[in-house]
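Heads up: the protein sequence lines correspond to chains P and F, in order. Residues in the first sequence are numbered consecutively from -10, following the numbering used here. Residues in the second sequence are numbered consecutively from 4, following the numbering used here. Working notes, structure below.
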Amino acid sequence: MSNKYETFIGLEIHIHLEANTKMFCGCKAQYGDEPNTNICPVCMGYPGVLPMVNEKAMELGYKVARALNCKLSKNTFFERKNYFYPDMPKNYQISQFEEPVGVDGWMDFDTPEGTKKIRIHDVHLEEDAGKMIHAGDMSLCDYNRAGYPLLEIVTEPDIKTPEDTELFLRNFQRMVRYMGVSDGNMDEGSMKCDANISINLVGKGLGTKVELKNMNSPRFVRKGLSYEEERQADMLDQGKALTQETRLWNENRDQTEVMRTKEEAEDYRYFPEPDLPIFRPDQTFFDLVESGLVELPLTRKHRMMEEYKLSADQAEYIHDDLYLADYFEEAVKLGGDSVQLFAWLSSDVKKLLNRENLSLQDSPLTASWLTELLELISSEAISGKIAKKVLDFVFSDKKSPKTIVEEKGMSQVSDPAVLTAAVDKVMAANPDVVEAIKGGDNKQRGFLMGQLMKETGGKAAPVPLQKILAEKLG
Amino acid sequence: MDTKELYHTASLARLELDEKEAEKLSREVSQMLEYFNHMLELDVSNLEPTTHALMKNNRLRRDVVAEQTVDPDEMLENAPDLEDRFVLIPNVL
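So, in structure tokens, the structure goes:
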């Protein structure tokens, strides 16, 4: 986009909280089950029922607000957000408005231009709506998801580019996974992100806001926003006015399409939910929130760079997945070299995992076995090349690298007698080559080394072997 | 309350009003609003709003799946129409 314009992006992120039950009733928080099985009079909006807040959801909500550096509410309460749509049988959603669990926070994230800060407007608890399928002239409703505990995180319009938005979302996703509050999977709908975008001439402040929906991965959020940025710039270039509207990302057409124009401001008529008392957390509750805090991904990444001398890219790779990060640190503690560990984890181990369609978690390769493998290389018991074969066997035989090397006789041969015999044999079999080398054609040495490796089944220790060969060739 | 405002309020509540009803309601609602205006005259700037009365704070529920006291199938019988276990309604997209 031309640098005539400035872009403002704000996000509304919804995450499903990791809880056993719904937000306000004891129904199983699980969908994918047979339609309308996890329902009860409370989530079906029957008259006279009494909602009750799930304490786990409350705790997780405060934890996220705390991790996002919010001011935590000392008296949070719920409100009814009124709207008529059959995805919610009550005709209102219980949400928070005046006094959400947290306000005025911020979150840092890494970009190629350095660490950036995004302000968080608020973090509030609410319930999800049911799922609807629209088919022909009918709509089908499944209320298993109605009442599912949901946390909404609203950012200020501080993000400047679609690329930063994708990075921010990936950082956010990682954070909720590290904290164990949500699995953060956008393609499965346990995390959703609506984006508000406006552009304006540089220095003129926010422009006309367009809301984008229906993007089910951080990458699609970026693509949707890029499309929208271009579209809005074209409109302004042509002197046209932008309309405040909601648009949907169409991933098959790679474009955004109007969903509805907002002619009048939505009027949700929020009012305090009379059936739910104010929640005033005591010190015990705040202590519980504090004690549950973990080292957040960005902090961990920066510490890993410092502590293990990893580059930003290397640390980015390792810290991306919590299990991998823990695994890596365990291996380092066991004596593994951090750079070697990174190299193996990011290439050979990764390739094998892909081939076997396994996660590191489910693979037989424990952190201590990987460390053992690296030790075998550094002590020159095996070469790097043989180590790859050993790794293969670890996966197929589910035995430790040491056991495999012993059982299969894969140790490197450095016994001078054995190596000398091999050199003699190969030289005798290739007299022309030997003559050529002696005549000064050094390129042929590689051929001899190849033959020697073949002769020793790849097990000859290269350094002593080269030394003996050099002596023999004079 | 002028009729335009009344119709807006009615539409938010999904209420249909004919002219006669609107006229009658408009008068009655105006009267109610007047009572509220009286209350608004009081200075409450130093008071915390009472959103909830006579309720114990911090009433939370443990995150444990509760036994189903009403059979979901029974609730579904109240639906206007069903297809497989879905509640079937006119298309609202």
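Beta carbons are placed, not taken as given, at the ideal position from N, Cα and C, and that holds for glycine. In this text the structure is predicted, and so the values were computed from the model without any measurement.
Item                                                                                                                                                                     : Value
Once DSSP output is grouped into helix, strand and coil, what is the label at Arg88 of chain F?                                                                          : coil
Please determine, among P:Lys79, P:Ser336, P:Thr197, the residue with the shortest C-alpha to C-alpha distance to Asp117 of chain P.                                     : P:Lys79
Identify whether Asp381 of chain P lies in helix, strand or coil by the three-state DSSP scheme.                                                                         : helix
Closer than 9 Å, Cβ to Cβ, to anything on chain F: give me those residues from the stretch 98 to 114 of chain P, in chain order.                                         : none
Where Ala376 of chain P and Ala320 of chain P are concerned, what is the direct C-alpha to C-alpha distance, given to the nearest angstrom?                              : 17 Å
Distance, Cα to Cα, Leu354 of chain P vs Phe384 of chain P?                                                                                                              : 7 Å
With DSSP as the reference, label Phe73 of chain P as helix, strand or coil.                                                                                             : coil
Does Met42 of chain F pass the burial test, meaning 16 or more other C-beta atoms within 10 Å, or should it be called exposed?                                           : exposed
CB-CB under 6 Å to Met12 of chain P, same chain, minus the five flanking residues each way: which ones, in chain order?                                                  : Asn43, Ala46, Glu116, Gly136, Pro138
Hey, is the stretch 154 to 163 of chain P in contact with the stretch 201 to 213 of chain P, meaning 3+ C-beta pairs nearer than 8 Å?                                    : yes
Hey, would you say Val402 of chain P sits closer than 8 Å to Ala370 of chain P, going by beta carbons?                                                                   : no
Would you mind working out which of P:Tyr35, P:Gly119, P:Arg166, P:Val170 sits nearest Tyr51 of chain P, comparing C-alpha positions?                                    : P:Val170
Straight-line CA distance for Pro75 of chain F to Arg258 of chain P?                                                                                                     : 31 Å
Counting only beta-carbon atoms, is Ala13 of chain F nearer than 8 Å to chain P?                                                                                         : no
Looking at the C-beta of Gly125 of chain P, does it have a partner C-beta in chain F at a distance below 8 Å?                                                            : yes
If contacts are defined as beta-carbon pairs under 8 Å, then Pro151 of chain P and Leu61 of chain P qualify, I think. What distance do you get, rounded to the angstrom? : Contact doesn't hold; Cβ gap of about 32 Å is too wide.
Between which two residues does the beta strand (DSSP E) holding Asp111 of chain P run?                                                                                  : 103 to 116
Any chance you could list the alpha helix (DSSP H) runs of at least 4 consecutive residues sitting entirely within the stretch 20 to 79 of chain P, in chain order?      : 44 to 56
Can you pull the chain P neighbours of Glu80 of chain F, defined as C-beta to C-beta under 9 Å?                                                                          : Neighbours of Glu80 of chain F on chain P: none; closest Cβ ~11 Å, over 9 Å.
How long is the line joining the alpha carbons of Glu364 of chain P and Leu349 of chain P, rounded to whole angstroms?                                                   : 20 Å
DSSP state of Met399 of chain P, grouped into three classes?                                                                                                             : coil
Check this for me: beta carbons of Val283 of chain P and Arg55 of chain P, under 8 Å apart or not?                                                                       : no
Determine whether the beta carbon atoms of Lys427 of chain P and Leu462 of chain P lie at a separation below 8 Å.                                                        : yes
Step through the CB atoms of chain P and report whether any lies within less than 8 Å of the CB of Arg30 of chain F.                                                     : no
Quick check: Asn189 of chain P and Leu195 of chain P, are their CB atoms within less than 8 Å of each other?                                                             : yes
Would you mind telling me which residues of chain F sit closer than 7 Å to Met47 of chain P, beta carbon to beta carbon, in chain order?                                 : Leu63
Any beta carbon from chain P within less than 8 Å of Phe102 of chain F's own beta carbon?                                                                                : Here chain F comprises residues numbered 4 to 96, so residue 102 of chain F is not present and cannot be evaluated.
Given the structure, does Cys32 of chain P come close to the ligand MG, in the sense that its CB is under 7 Å from one of the ligand's heavy atoms?                      : This structure does not include the ligand MG; it has no bound ligands of any sort.
Is Phe317 of chain P helix, strand or coil when you go by DSSP?                                                                                                          : helix
Which of the three DSSP states is assigned to Ala184 of chain P in this structure?                                                                                       : strand
According to the Cβ coordinates, are Trp333 of chain P and Leu359 of chain P closer than 8 Å?                                                                            : yes
Taking Cβ-Cβ distances shorter than 8 Å, what residues in chain P pair up with Glu86 of chain F?                                                                         : Met127, Leu129
For the pair the stretch 18 to 28 of chain P and the stretch 125 to 136 of chain P, tell me if three or more CB-CB distances fall below 8 Å.                             : yes
Can you give me the Cβ contacts of Glu345 of chain P inside the same chain, cut-off strictly under 8 Å, excluding the 5 residues immediately before and after it?        : Ser352, Phe384
Checking contacts by CB at 8 Å: is Pro89 of chain P closer than that to chain F?                                                                                         : no
When burial is assigned at 16 or more other CB atoms within 10 Å of the CB, is Gly325 of chain P buried or exposed?                                                      : buried
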